[in-house]
Every structure is written in C-alpha cells, then in structure tokens.
Amino acid sequence: MTDAALHDPIDPVPASRSAAPTWFDADGGRLLGQTCDACRSVFFPPTLDFCGNPSCEGETFTVQPMSSCGTVWSWTTNHYKPPAPYVSEEPFAPYTVLAVELATEGMVVLGQLSPESDPVEVGDTVEIRTETLLEDENGTQLVWRWMRTVNQEDAR
6 MTDAALHDPI
16 DPVPASRSAA
26 PTWFDADGGR
36 LLGQTCDACR
46 SVFFPPTLDF
56 CGNPSCEGET
66 FTVQPMSSCG
76 TVWSWTTNHY
86 KPPAPYVSEE
96 PFAPYTVLAV
106 ELATEGMVVL
116 GQLSPESDPV
126 EVGDTVEIRT
136 ETLLEDENGT
146 QLVWRWMRTV
156 NQEDAR
C-alpha cells in the first residue's frame, strides 16, 4: 500500500436526518409537539410563538414527544402529484393520507400511510414508523408515516 493511499480520506457514510427535525424525532420515531408552559395546552406542529389557547397569554413552550400511536379518524387517497417541494418517486403513485387521533393527546394529526402498511379503515389503530423520504449527496432524509397495527382484529 502506498503512503498516499494511507492518507486518502475515506468517504464518510452520509448521515440520516429528519426531513422536519422540529416536528419529528427520526431517531426516537416520535412526533414533537409543544406544550404551553402557562396553561399546559399541547400543539402540533410546534410552530407557535404564542399560545393558541384563547384564554391564555403564554409565550413560552416546552418541546415534548407525542404519542406514537392513535386511531384512524378519517382518510383519503390522493391521486395527483402535489407541486414542489413535495418529493415523490417517478412515476408518481397515489398515496393515502390519514387523519389520526393521537392516543394520549386526543388531537388529530395528518400523515401519510406507509406503502408497506395493510389498508386501514376508520377506527383502526396505527403507529408511527420512520421511513426514508429520499437519499441524496447529503445523506438520507427520514419522515414519519403511519402503519396499521398488526395485532388488531380485522372487522372486514
């Protein structure tokens, strides 16, 4: 081995990262909400500078992990490709969007159904799953998607 070969830099493995790091902890597989320090109201996504509770004037928040599972409240399948910055594979494939009532917080959060999931119906239990959105020269971007919980009775 040549001396030059010993000193050639090794290409680092690109890092995995959340596509929305303030909304989703890809390592922990949890959505991130914000709790008002004054009234304890919980909000998602965590983008407020003031409390959204009309009876509170709070302006400070604590970021907290939210429930990783919930109940399908509603769903629809999108058959069109949204405009940029939406990222999709080519050719475009329809995808299902779920409205999920989080188990602990009781709020409804939107998110895509994993293409690896069984189909869902209203009332089914789903859980967060970390999946790859895209891979590029900067590494892998990860997103959350919902996956139908396997251990539930199928009423269909």
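Per the numbering used here, the very first residue in the sequence shown carries number 6; after that it's consecutive. Glycine residues also receive a C-beta, built at the ideal position from the N, C-alpha and C atoms.
Residue i to residue j span [Cα, whole Å]
i, j, result
"Asp-16", "Ser-79", "Note that Asp-16 has pLDDT 48, beneath the 50 cutoff, so the model's placement of it is unreliable and the number below is only indicative. If you take the alpha carbons of Asp-16 and Ser-79, they lie about 45 Å apart."
"Ser-46", "Cys-61", "9 Å"
"Thr-81", "Cys-44", "34 Å"
"Pro-59", "Asp-42", "15 Å"
"Asp-30", "Leu-37", "7 Å"
"Pro-14", "Gly-57", "Unreliable placement is indicated for Pro-14, whose pLDDT of 48 sits below 50; the coordinate value is still reported in the next sentence. Taking the straight line from one Cα to the other gives about 50 Å."
"Pro-99", "Asp-54", "35 Å"
"Pro-96", "Glu-140", "17 Å"
"Gly-111", "Gly-144", "34 Å"
Delimiting residues of the beta strand (DSSP E) encompassing residue i
i, result
"Leu-115", "113-117"
"Trp-149", "144-153"
"Ala-104", "100-107"
"Gly-128", "Unbroken run through Gly-128: none, as it is neither H nor E."
"Asn-83", "74-83"
"Thr-40", "35-41"
Assumed close pair residue i, residue j - CB separation to whole angstroms, cut-off 8 Å
i, j, result
"Thr-67", "Thr-40", "5 Å"
C-beta contact flag for residue i and residue j at 7 Å
i, j, result
"Glu-132", "Thr-109", "no"
"Trp-151", "Val-105", "yes"
"Met-71", "Leu-103", "no"
"Phe-49", "Val-114", "yes"
* To do: Determine, using beta-carbon pairs with one atom in the region 133-150 and one in the region 111-121, whether at least three such pairs fall under 8 Å.
  => yes
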